[in-house]
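Using this note's numbering, the first residue of the sequence shown is number 48, and each one after it goes up by one. Below you'll find the structure, written out as C-alpha cells, and then a few comments.
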Amino acid sequence: MQLNSKTIPLSTKSNALWNAAGCFFYLGCQWLTTIFVVLFSTDFENSGILAFAMSTGNMFSAIGLYKIRTYQVSDIKSVFSPNNYVGFRFATIGVGAAATIFYLLLSTGMSTFTFASIAYLLFKADETLNDVFFGIEQKSNRMDYIGKSQFLRGIATILGFTVPLILFDSLILAVLGMALMCMSITLIYDCRNAMMFGFTRPSISRTQIKQLALACLMPTIANFLATSIVSVARQKYGLLYGESMLGVYASIATPAVLVQAAASYLYSPLIGKLALTLSNGGIQAFRQGLIKTIGIMLAAICAMCIAVSGAGIWGLPILFGESIASYVWTFPYVLISTGCVALLYFVNDMLIIIRKGTAQLIINALALAVTIVCLDPFTEAASMNGVNMAIITGCLLAIIAGLAYIFGNKKL
C-alpha cells in the first residue's frame, strides 16, 4: 500500500482525539433517541420497549462482532487480510441474527418486544458490519476516519429516528428509519475509506473461517457472557416489574454509557501498541503499560462519575419529568456499575492480546453467574438499585480474577 496524505499514519494522540470526539457524539445521539422516545410518547411504555430491543441488540452484537476487532487490530503479522475479516463478519452477522430471532421467539413470542427487537436488529447488523471497517482503519492508525464517520452516523441516527416517530407515532418505523439512514453512511463513506487500506470485498475460504472461528471462539463466548451481564439484569428486572419500571431504569441508566465510552476510548488506540510490545518480547513493558492504562482509566471513571452524577441528578427530572425524580438517587450507582463494566471489557481485551481465551471465558462466566445470583436478593433489599449492586459485585470479582491471572502467569 502506497502512503499518501489520506493513508499516512497519525499519532496516538490524534487517533485518540478523533476517535473519542466522534464516538462521544455518536453515543450522545444514541442517548438522545432514548429521550425523544419519552418526550414524543404518552408514557414510558415505548421507552421500556426500546430498552428491551437495545438489550437484545447488544446480545446480537456479542455474536455478530465475534470479538474480532481486538484480534484484528492485534494481528501484527497480518495472518488474515482485510477482506478475510470482512467476509468473516458477514458470516457472523448471519449466525447472530438467526440466533437472536430464535431467542426472541422462545422468550417473548409474537409480542411488541419481538417486532421492535427485530427492527433494532437491522440497525445493529449495520453497526456490526461497520465495525470491521473501523478495525481496518484502526490497524492503519487512521482513526480520524472513524471519528468523522461517527459524526455522520450520529446525525443520521437523530434524523432517521425522530422524523418517523413524530410523523407516524411508531417506534418500529423510527428504528427502521434510523437503520436505513446509517446503512447509507456505511455504503457511501465507511466502505470507501476502508478500501484505501486494503481490499474490502468479502473473500474468505472455509479453512480461514474455521481458523478465525476457533481463534476467537472463547473470546466470543466470553464477550457474550460479558454483554449479557447488563442485558440479562435489565431484562429480568423488566419481566419482574413491568415495562414502565424498566423504562424508568433505562431512562436513568442510558446517560451512564458516557462513562463506559470514555474509558473505552482511552485505551482503544493503545491496543495495537500493546500488542506490538508483547510481540517483540516486552512482557514487562506490556504489564507496565497495562498498569498505566488502568490508572488512567480509574482516574477518568472517577472524574466522570463525579461530574455526570451531579448533572444527572439535577437534569434527569427536567428531561423526563418529576415522575422520575424519586428514582434519580440510583444514578450515581448506575455510573459506578457502568465503570465496572468498562474495566471488565478492558481486562477482556488484554486477555485477547495475550491469546488467553479460556481465562477470559472463566472470568466472564463468573461475573454473569454472580450477577444473576445476586439480582433477586439485591432488588428485594434495594429495589431498582439492586440491579446496579448485582452488576458491580459480579464485575469486580471478575476484574480481580482477570488481573491476577495476567500478572500471575509467567508465560504470556
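Beta carbons are placed, not taken as given, at the ideal position from N, Cα and C, and that holds for glycine.
Counting along the chain, the unbroken alpha helix (DSSP H) around P266 starts and ends at 264-288. DSSP places P379 within a helical segment (H, G or I) once states are collapsed to three.
With the rule of 3 Cβ pairs closer than 8 Å, the segment 344-363 does not count as touching the segment 267-275. In this structure, the CA atom of I439 is about 12 Å from the CA atom of P379. Annotation: the continuous alpha helix (DSSP H) that includes V434 extends over 432-455. Taken in chain order, the complete alpha helix (DSSP H) segments of 4 or more residues contained in the segment 129-187 are 129-154, 159-186. Within the segment 95-130, complete alpha helix (DSSP H) segments of at least 4 residues are found at 115-120, given in chain order.
No residue range can be given for T301, since it is assigned to no alpha helix (DSSP H) and is classified by DSSP as neither H nor E. Separation of G433 and Y284 (C-alpha to C-alpha, rounded to the nearest whole angstrom) is 10 Å. Residue ranges of uninterrupted alpha helix (DSSP H) with 4 or more members, entirely inside the segment 314-377 and ordered along the chain, are 318-326, 330-367.
Taking the C-beta atoms as reference points, G95 is found no nearer than 8 Å to A221. Shown here for I213: same chain residues with a beta carbon closer than 8 Å to its own, the five before and five after excluded, namely F87 in chain order.
In the same chain as A109, and ignoring 5 residues on each side of it, the C-beta atoms closer than 6 Å to its own belong to N270, F271, T274, in chain order. CA-CA distance, N51 to N240, rounds to 13 Å. When secondary structure is reduced to three states using DSSP, D237 falls in the helix class. Considering only N130, L153, I318, the residue with the shortest C-alpha distance to Y118 is I318. Between the C-alpha atoms of N435 and M228 there is a straight-line separation of about 34 Å.
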